[in-house]
Each structure stands twice: as structure tokens, then as C-alpha cells.
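Protein chains in written order, with our numbering: chain W, 4 to 326; chain A, 4 to 326.
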DNA sequence: TAAAACAGCGCCAATAGTTGTCACTGTTTT
DNA sequence: AAAACAGTGACAACTATTGGCGCTGTTTTA
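Below, the structure written as C-alpha cells:
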């Protein structure tokens, strides 16, 4: 094998193994140890962060920093990757914050000039707005780590009844609607709970108490809801929507699949929804105001009416003659 | 210069220039044409997408596909880039869709195994949920392109009064709250408008009519709101919130800076808000139901009450004795 | 304490790869 | 028809690469 190709393959091999000896690689590539030594030196000069130790159990190592072999990206792919990373800048507190900035800088600096220009032009023309409440990065990192390792952590959480400490075993973390959430097994309640992370005041990643870890290794973000939900059944709903109501409610994915639109733009939602979430739905349909009329089920209608009456009374109490 | 190093430099040179001839490069690198020819062939074999044409004004070209020279990423940077791209998978209709998938695949396949493992473990533990309504990718691409080139396009748009055609000159596109938006100069109204792209039925990227382009090159996503808003002034608001109201409204960034929280968890919003958006605010505070009480200004309170009355009547009409 | 297992250096002859030259073919544009 | 390109093949000259060999030096382990 000619040297130039060998070097490129060596790059990859070296990245694959983290640790290796000269003789090992020499045999693998069918060259002498002397040659391998020289090759590795060259790689080192080319920027691969190699480190070696002499002695009995010495050997070569690639440092934490790894390099990627030359990857061929099309222009569009490079632009796409750039924007993907760029889009996440709104998640100011995501666990990867600093890494992403570095990577982005490197990436950008290696791009040919005309691609840079293209990106510069696009930068002010596309955006991904993600309202995000600021949040301590370290909390996220600790919880994520705990989720991966399935460790128990102790958190100080602001529940409806004020702050309290709980031991939880996190399933994962996710960002949604501007908040970070952490579904977890709560050892206190012996059940699964969803925590909103801006309500978390402090966290102890190593509660000294010897708590037993539950085996939740197979529960992850994509299946925890189905696994942990004790099914309280569905309710059959029927909601009439005005034209405006249709337009507004189309934002919700669970609406879209149950939505029928009339020719004049108005429509109705008909189908089954989980009874357990009835309070959420009541809130939601109340929020649509006069644009939605809950016909079925009765219990949902009642909840909406209760909200309505409560608000009505609230505003009637502050009489000013206009009502 | 030894061959192996020459090849790497050649890679970069070739990426810098887009077009070149053999003799040109041969001279630059101080080798014969024959050698340069051989070198380029090797590069080609290594994956650089070269293309050549014979004849008078022929020469070499690098195709649209470009390659990046070997970039050294640390392990964490690679992971970060991966997740940035991964996070955007929810934007199923973003202009870069297919490119990002390709890039991600390439990127992933070149990562060393232990980093792959790390990513695999994290995949099910972190997520960025972005509810997104499906939308034609081509619309996005056309509008983005028009924004970059400052071209006029004709769209068929579903406004309150049904579908109509308009000629617009887009400023850019952005995703927010699950929708794609396009602020643009509307030639019909001779003013700036914000279009929600799921209400766009069709688009003509080349309206044959010779419309004059306005010079909006300096208006972009980050400044169009300030530049185009005819300021109708602010209104001073005062809204009382229950404890639950505080928690809910903290989601909105414009609330946070104007929010005061009492020791018992309840609180109030006090400050100035743009009068122009009064309908939006009325909607919003109505949506908070009994958790918010609008005290000031009167006009806002009146709007909320109107909604309330409208809804009250709506539900009273469907009498069932429970009200 | 000695042996084993590892990195690392210098030298040199053999060899394998690289290079330039030259003489071709073939295309497109002017 | 000439000019300006790419592309091929052959070959001798050249140079970089290679493998051995002998050496130094470190750390671990028996």
C-alpha cells in the first residue's frame, strides 16, 4: 500500500482504537515497526493528538481530542450543518453550549469563501425562534449524566406546596415550549413524575444515602409515557370550532388528526382523547374563547364552564359599570 | 515537497479556487504537468468530486460538492454538532432537510465507535421537542431564495377574507411556536406584512409581471420589526396574577421582565407593552382564565371582558341546566 | 534485581514509488 | 488550421520509503 493511502487509513484506525502499540499496528498494516513509528510521527505532525508512554504497559494513545478524517461534504451539507448548529444558539443553556460554539468556529473557518458568503447572506434570512427561559447549565448536565448512567440524584423542587427535597432517577431531559423537562422516577412517591427544570432550585448529584436504583434502563424518552401511564381510558369529544377556532387549534398536533373542516372554514373536533389529561384540555378549549364550543363530553364542558364562571365572577367583582 | 503533504495542500487549494487548469497548478506547486495530472487523479479517487472539460476554454472544476480539509474536532464537539443536527429533525420541512440527513450519516459513520456509543446512549435521553406543522419544503426554499436575492414572488394566501393573490418581496423566513412565518413587503398593500406559511396555498417564483423591487437589502430578520413598525405607542398595564398565573405566564419572555412575585407565589405584571398588539395580549390574558385579572389599561380589560361575555353567551345558549 | 514490554533514534543498503520528458490522441473554441 | 485544453503510455532518472539492526531509555512485573 502506498504511503499516502496508508496514512489516511491509519488516521481512521487510530481513531477507532483508542489505545494501541506500534507492533500491533505494524502487523495490521503489514509494515515494519520502524515504518509505523515514522508514520505515527507524521500523523502527529499533521495534527493528530497522539500521546505515548514508554514502559511495560505503555503504548500509544489518542488524546480526548479526536480528529475526523477528511469528510467530503457537499456545499449544501456544510451549510445545513452550520445552520443546524446555529439554530440551537437559542438554547442558551443546553449541555453542549461551549462545544458547539467551538465546533462552529472551526467548521466555519475551514469553509471556502463563497460558502461563507452564502451562509452570511442566509444568516439574516432564516431563523428558528425558540423562546427559552434561562436555566443553569450545570443542572442540565448533571441530570443528563444521571439519566445516562441511571443514577439517583437529589433535587430541591418547587412544587405547588413549596420547596422540598426529592430523590429521583431521571429518564432523560427534553426541551419543549420554552422549558426544560425531566421525566423521572420519584423515590418518595414511588412513581414517575415530570419535573419542570426551572422549578428546580438545587441539585445534589451524589446523595450519600444508599438508595436503590430501580432498573429503568429500558425506559427512555420515547417510550416512558406509554410505559408509565396507567391508562384511565379515553373520552369521546365533540367540539365545534369557528373559522378562527380552526385556524388557531391547528397548531396542536393532537387536534389535526381529529379535525374536520367545513367548506366555510369552520369545523369540529371529533374523536377520542385521554381522560387523564382532561384538565389540560379544559384549559386549552377555554383558551380558545368564543371560537370553540365544547359539546361532548359533559365533564369536559363542565370544567370549561367552571373556569368561565370563575373568571366571570372575578371580573364582576371588580365592578366598573362596563359589564 | 513530499507527495503526501502536497496532496493535502492540493486539496485545500483546489477547494479555494473553483476552477483551474493543470498547467496553472503545476506551476504553483513546482511540479510537472504530468505529475499534477496524476495528483488530481488521486484526489479524485480519494473522493474529491473533480470534473474536467477538454477544449479551448476547458479546465478542471470542483463540482458543487466541496470537501472540507481534515478538521480536528474534539470528541465533545463532534457530539455537539451531531445533536444540533439531530435536534432539527423535528423541523420536518426545513429547507435543508435532505442535506442534513446525508451530512449526519456521513458524520456519524466517520466517528469512532466509542463516540458512536456515547451518542446512542444520549439519543434517548435528550430531546428538543418542536411541534411543527407539515409544510411544503419547496415553498420554504423558494421564499428563502427570494429573500436572499430580494426577488418578488407571487403567493396565494388564505387571509381572513379567503384566498387571494399577492406579490410580496420576502425579508426572510423564521420558525416560531410551531409555524413558519415570512415577513415581507406586500406590493398590493404597499406595506410590510407577516405571512404564516401554512396559510399559503401556492407560490409563483417568477411572476412575469415586471414588478419593481424595492430596495430592502438592509432590512433583515433581526431588524425588520423595529424598522417597519409604525409606533403606536405603549400602554401601561397592570395585571394581577395568582400563584398559578405566575407560573403559567413565566413562559412568555415579555412577561418575565415585567413580573413581580409576592412572597406567597402570587404576583403582578406591571410595565409598558406595545398598544398595537393589544388583541394579542387580550387573547393571552383571557387564556389565563381566573389566574389573571387585568386591572389596567381599561381598553385591555374591556377586550378581555368582551371575550368573556361572548363565550358566556355561547355556553348559556347551549343550556343544559348546569349553569 | 533482572527480565519483559514498550517507545524512540540513527544509520544504511535495497527497493519501491515518484517524477519529468516526450511523443502521442482527442476535444472544443476561435 | 491553430490554439488551448485534457488525457495516456512508456521509460529512464531520481528520490523517498522501507526494513533491519543495534542501540538507549523507561516502567512494570516476576
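The beta-carbon is built from N, C-alpha and C at its ideal position, and this holds for glycine as well.
1) Since residue 155 of chain A is in the alpha helix (DSSP H), which residue starts that stretch and which ends it?
2) Quick check: is the beta carbon of residue 133 of chain A nearer than 9 Å to any beta carbon in chain W?
3) Under a three-way DSSP split, which group does residue 133 of chain A fall into?
4) Within its chain, find whatever has a CB closer than 7 Å to the CB of residue 35 of chain A; leave out the 5 residues flanking it on each side and keep chain order.
5) With a cut-off of 9 Å, does the C-beta of residue 313 of chain A fall near any C-beta of chain W?
6) When we look at the beta-carbon of residue 1 of chain A and count the other beta-carbons within 10 Å, is it buried (16 or more) or exposed?
7) To test your reading of the DSSP string, which unbroken alpha helix (DSSP H) runs of 4 or more residues are found completely within the stretch 237–261 of chain W?
8) What residue range does the alpha helix (DSSP H) around residue 182 of chain A cover?
9) Let me see if you follow: with CB-CB separation under 9 Å, is residue 142 of chain A close to chain W or not?
10) Which residues, in chain order, does the stretch 160–183 of chain A contribute to contact with chain W at a C-beta distance below 9 Å?
11) Mind checking residue 293 of chain A: buried by the 16 CB within 10 Å criterion, or exposed?
12) Under the rule that 16 or more other beta-carbon atoms within 10 Å means buried, what is residue 37 of chain W, buried or exposed?
13) Cβ of residue 271 of chain A less than 9 Å from any chain W Cβ?
14) Using a Cβ cut-off of 8 Å, pull out every chain A residue sitting near residue 277 of chain W, in sequence order please.
15) Excluding five sequence neighbours on each side, which residues of the same chain lie with their C-beta closer than 8 Å to the C-beta of residue 251 of chain A?
16) Quick check on residue 263 of chain W: buried or exposed, where buried means 16 or more other Cβ atoms within 10 Å of its Cβ?
17) If contacts are defined as beta-carbon pairs under 8 Å, then residue 327 of chain W and residue 269 of chain W qualify, I think. What distance do you get, rounded to the angstrom?
18) Less than 9 Å between the C-beta atoms of residue 259 of chain W and residue 178 of chain A, yes or no?
19) Do you know whose CA, among W:165, W:180 and W:188, lies nearest residue 171 of chain W's CA?
20) For residue 319 of chain W, count neighbouring Cβ atoms within 10 angstroms of its own Cβ and tell me buried if that reaches 16, exposed if not.
21) Measure the CB-CB distance between residue 25 of chain W and residue 43 of chain W and report whether it falls below 9 Å.
22) Closest by CA to residue 85 of chain A, which one among A:312, A:120 and A:51?
23) How about residue 248 of chain W: is its C-beta nearer than 9 Å to some C-beta of chain A?
24) Which residues in chain W have a C-beta closer than 7 Å to the C-beta of residue 79 of chain A? List them in chain order.
25) May I ask you to list, following chain order, the residues of the stretch 112–130 of chain A that have a beta carbon less than 8 Å from some beta carbon of chain W?
26) Under the three-state reduction of DSSP, which class applies to residue 268 of chain A: helix, strand or coil?
27) Any chance the stretch 279–289 of chain A sits against the stretch 297–309 of chain A, with 3 or more Cβ pairs inside 8 Å?
28) By how many angstroms is the C-alpha of residue 125 of chain W removed from the C-alpha of residue 7 of chain A?
29) Taking the alpha-carbon positions, what's the residue 326 of chain A to residue 311 of chain A distance?
30) Within a Cβ cutoff of 6 Å, which residues of the same chain sit near residue 90 of chain W, ignoring the five residues on either side of it in sequence?
31) Report the partner residues of residue 194 of chain A according to the DSSP bridge assignment.
32) Counting only beta-carbon atoms, is residue 45 of chain A nearer than 9 Å to chain W?
33) Closest by CA to residue 173 of chain W, which one among W:162, W:180, W:122 and W:227?
34) Suppose the cutoff is 7 Å on Cβ atoms and the five residues either side in sequence are ignored; what does the same chain contact list for residue 1 of chain W look like?
35) Does residue 229 of chain W come out as helix, strand or coil in the three-state DSSP assignment?
36) Buried or exposed, going by whether 16 or more other CB atoms sit within 10 Å of the CB of residue 142 of chain W?
On the basis of the data shown:
1) Neither: residue 155 of chain A is in no alpha helix (DSSP H) and is coded neither H nor E.
2) yes
3) coil
4) 29
5) yes
6) Given that chain A is displayed from residue 4 to residue 326, the structure contains no residue 1 of chain A and the question cannot be resolved.
7) 246–252 and 256–259
8) Unbroken run through residue 182 of chain A is the beta strand (DSSP E), 182–189; no alpha helix (DSSP H).
9) no
10) 161, 163, 165, 173, 174, 175, 176, 177, 178, 179, 180, 181 and 182
11) buried
12) exposed
13) no
14) Per Cβ cutoff of 8 Å: no residues; residue 277 of chain W is ~17 Å from chain A at best.
15) 291 and 294
16) exposed
17) There is simply no residue 327 of chain W to check, as chain W begins at 4 and stops at 326 in what is shown.
18) no
19) W:188
20) exposed
21) yes
22) A:120
23) no
24) 102
25) 113, 114, 115, 116, 117, 118, 124, 125, 127, 128, 129 and 130
26) coil
27) yes
28) 37 Å
29) Because residue 326 of chain A sits at a pLDDT of 41, beneath the cut-off of 50, its placement in the model cannot be relied upon, and the following sentence gives the value as read from the coordinates. Their Cα atoms are separated by approximately 15 Å.
30) 131
31) A:189
32) yes
33) W:227
34) Residue 1 of chain W lies beyond the residue range present for chain W, which begins at 4 and ends at 326; the question has no answer from this structure.
35) helix
36) buried
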